[in-house]
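Residue numbers for the sequence shown follow UniProt numbering, beginning at 1 and rising by one.
Glycine included, every Cβ here is placed at the ideal spot set by N, Cα and C.
Bear in mind the structure is a predicted one, so any value in this text is a computation, not a measurement.
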Amino acid sequence: MEHWVAVTEAKKELEAGLALCEQVKAEQIDELDLTLEGEPCPDQVAVRAAADPPVAYEEYRAAIALQRCALVKAEAVTRSALGRAYFSMGLTTVAVLQLERAVALRRESLKLRSVIGTREPNHVSCLAEAHRQIASTLINFGGVRAAVSEYYRAGGEKAAQTRAVLGEALTFARMSGDIGAEQGALTQLVSFQDPSAPADAATALKDLLARTGRDVDPCCIVCYEELGDTSLHALNCGHVMHKECVENWRQHSNWCPQCKRGMSG
Numbered sequence: 001m002e003h004w005v006a007v008t009e010a011k012k013e014l015e016a017g018l019a020l021c022e023q024v025k026a027e028q029i030d031e032l033d034l035t036l037e038g039e040p041c042p043d044q045v046a047v048r049a050a051a052d053p054p055v056a057y058e059e060y061r062a063a064i065a066l067q068r069c070a071l072v073k074a075e076a077v078t079r080s081a082l083g084r085a086y087f088s089m090g091l092t093t094v095a096v097l098q099l100e101r102a103v104a105l106r107r108e109s110l111k112l113r114s115v116i117g118t119r120e121p122n123h124v125s126c127l128a129e130a131h132r133q134i135a136s137t138l139i140n141f142g143g144v145r146a147a148v149s150e151y152y153r154a155g156g157e158k159a160a161q162t163r164a165v166l167g168e169a170l171t172f173a174r175m176s177g178d179i180g181a182e183q184g185a186l187t188q189l190v191s192f193q194d195p196s197a198p199a200d201a202a203t204a205l206k207d208l209l210a211r212t213g214r215d216v217d218p219c220c221i222v223c224y225e226e227l228g229d230t231s232l233h234a235l236n237c238g239h240v241m242h243k244e245c246v247e248n249w250r251q252h253s254n255w256c257p258q259c260k261r262g263m264s265g
């Protein structure tokens, strides 16, 4: 009951924050869109040239892109958190919609960075962070989709779409160089128990953990028998167990038996 109340309050705060974000965006949207789309109009060129000191149009455009990027990031963060809150409340369909929008916003942020270019301080690290952020959002999105029975059991197109989301998350995670994000993407791929899911995801996860010096479980953390490669379920914390074991464990606990973290994976 306390958990439900806490999640409900968090959802209200997030929705209020989203409303504020929409208000700020509405106040700036016209100038941002006019500036970022197409060629500069003559009036804008004249105004920038007459400024003291003169402002080159491309510099002005980059500054506007930075401004828009901040708005997009704020909304993406809020929608990602809102999606997780809805998922915790069992409202999975709404959670998928919120996370889908968050992914779209992350993609918009990457496009804006092409406008900003090297004018942004620490451009390389900022681009890597953008890749990490979209990987994180895709991991959440793919994880929620995989957990929704409609996507989990349907197979075919929906299963393929979820698998593609998680595969893209892994690509962005590797582009960012963030080991934690890569581990999270591989964990979700292992957790997604679809017959056509990548057979080597579990092996890749174990190799990553070994390569980075992280803990590798040689056996299931529930039954302590040797792990196989065909019936594994990996949690977000990185611990791995047999699919049958996690189903039995969930009947009496929602916490990882090894590290006691929530079993959201």
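Cβ-Cβ separation, residue j to residue i (assumed contact under 8 Å), whole Å
{"i": "L99", "j": "G83", "result": "4 Å"}
{"i": "T171", "j": "G142", "result": "Between G142 and T171 the Cβ distance is about 12 Å, and since that is not below 8 Å, they are no contact."}
Inter-residue Cα distance where the pair is residue i and residue j
{"i": "T78", "j": "A16", "result": "10 Å"}
{"i": "L91", "j": "A85", "result": "9 Å"}
{"i": "K206", "j": "A169", "result": "18 Å"}
{"i": "E120", "j": "V165", "result": "29 Å"}
{"i": "A204", "j": "L186", "result": "7 Å"}
{"i": "Q133", "j": "L18", "result": "19 Å"}
{"i": "Y60", "j": "K243", "result": "55 Å"}
{"i": "T118", "j": "E108", "result": "18 Å"}
{"i": "K158", "j": "A63", "result": "40 Å"}
{"i": "V94", "j": "F87", "result": "8 Å"}
{"i": "A160", "j": "A102", "result": "20 Å"}
{"i": "W249", "j": "N122", "result": "46 Å"}
{"i": "E2", "j": "C245", "result": "Note that E2 scores 48 on pLDDT, short of 50, meaning its location in the model is unreliable; the coordinates nonetheless yield the value given after this. Approximately 28 Å between the Cα atoms of the pair."}
{"i": "G167", "j": "A181", "result": "12 Å"}
{"i": "Q188", "j": "H233", "result": "9 Å"}
{"i": "E58", "j": "N254", "result": "53 Å"}
{"i": "I116", "j": "E247", "result": "48 Å"}
According to DSSP, residues forming a beta bridge with residue i
{"i": "E241", "result": "For the record, residue 241 in the displayed sequence is Met; it is not Glu. Answer is H233, bridged to M241."}
Candidates the options, of which the one nearest residue i by Cα
{"i": "R68", "options": "L189, Q183, S114, S136", "result": "S114"}
{"i": "A76", "options": "L105, H123, S88", "result": "L105"}
{"i": "A74", "options": "L14, V246, M89, V94", "result": "L14"}
{"i": "A128", "options": "I116, V96, R174", "result": "R174"}
{"i": "V96", "options": "C256, N140, A181", "result": "N140"}
{"i": "M89", "options": "E247, C256, K12", "result": "K12"}
C-beta atoms of residue i and residue j nearer than 9 Å
{"i": "L208", "j": "I179", "result": "yes"}
{"i": "S80", "j": "H131", "result": "no"}
{"i": "G184", "j": "S136", "result": "yes"}
{"i": "V144", "j": "V190", "result": "no"}
{"i": "L110", "j": "A65", "result": "no"}
Residue i beta carbon near the ligand ATP (any heavy atom closer than 8 Å)
{"i": "A169", "result": "In terms of ligand content, the structure shown is empty, and the ligand ATP therefore cannot be addressed."}
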